[in-house]
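Residue numbers (my numbering): 3 to 263. Reviewing the structure listed below.
Here it is in structure tokens:
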């Protein structure tokens, strides 16, 4: 992870003086300044600093059909621990486990955004491609919904003929490509030690995903829920970063000044 730029020191509390003399008169002489590294350490030790646990409920997951898996015959044995059972030949996810994994994923996404990291959304389902691209733009991040050429991560300096900064986090809205084999970028991310978040359906292999989230990766309602949750988690991290750096809120900035990657 990239640390917040060292801009010196931050005040332990915000003061908005009308003038230098007024600030000297109001602020006590013994006000202590807190170094940014201490703030970072305190945030990392907090279990849920960005309050992502209140972004959704298990009922929200149920209404979005996140619990629907594939047919029993397509089950990957590595997904058995995340299942609740089956109904009419279709596998059903345990939404309590899904909720716990999804909150962990949202938390790491907010932390990456707080440290000004680059986040890349992936999706290979043509049905949801436009939705994923739109939500990534709204979050001020990148997306890739087309064919992924192998080696973009592992051989980036040669392919782009320049030193290339790789993403700090990859979010896979589905971890398979159109021929039901694992997305090449999952393997490439693992090789380059890039953290990954992945929605893993009952026919997927979760082993190479850093933060697997068991759930339905096909239904548009489910994918839209995931995108909205990740977008909000990312914005929470960005807002908190600007607050601690003493910058104006993002909502008050002209749209052309926002980061659209």
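Glycine included, every Cβ here is placed at the ideal spot set by N, Cα and C.
Taking residue 41 as reference, the option from 128, 242 and 104 with the minimal CA-CA separation is 242. Inter-segment contact for the stretch 57 to 68 and the stretch 161 to 179 is absent: fewer than three beta-carbon pairs are separated by less than 8 Å. Assigned with DSSP and collapsed to three states, residue 214 falls in strand. Residue 175 sits close to residue 219, with the two beta carbons spaced by under 8 Å. Comparing alpha carbon positions, the residue from 233, 152 and 225 closest to residue 194 is 152. The residue among 196, 217 and 37 with its C-alpha nearest the C-alpha of residue 119 is 196.
By the Cβ-count criterion, residue 214 is buried, with 16 or more other Cβ atoms from all chains shown falling within 10 Å of its own Cβ. Proximity of the stretch 87 to 94 to the stretch 110 to 128 falls short of the contact definition, fewer than three beta-carbon pairs being nearer than 8 Å. Secondary structure of residue 37 (DSSP, three-state): strand. Around the CB of residue 160, fewer than 16 other CB atoms lie within 10 Å, so the residue is classed as exposed. According to the DSSP secondary-structure assignment, residue 59 is paired through a beta bridge with no residue. Unbroken beta strand (DSSP E) stretches of 3 residues or longer found wholly inside the stretch 96 to 130: 121 to 124, given in chain order.
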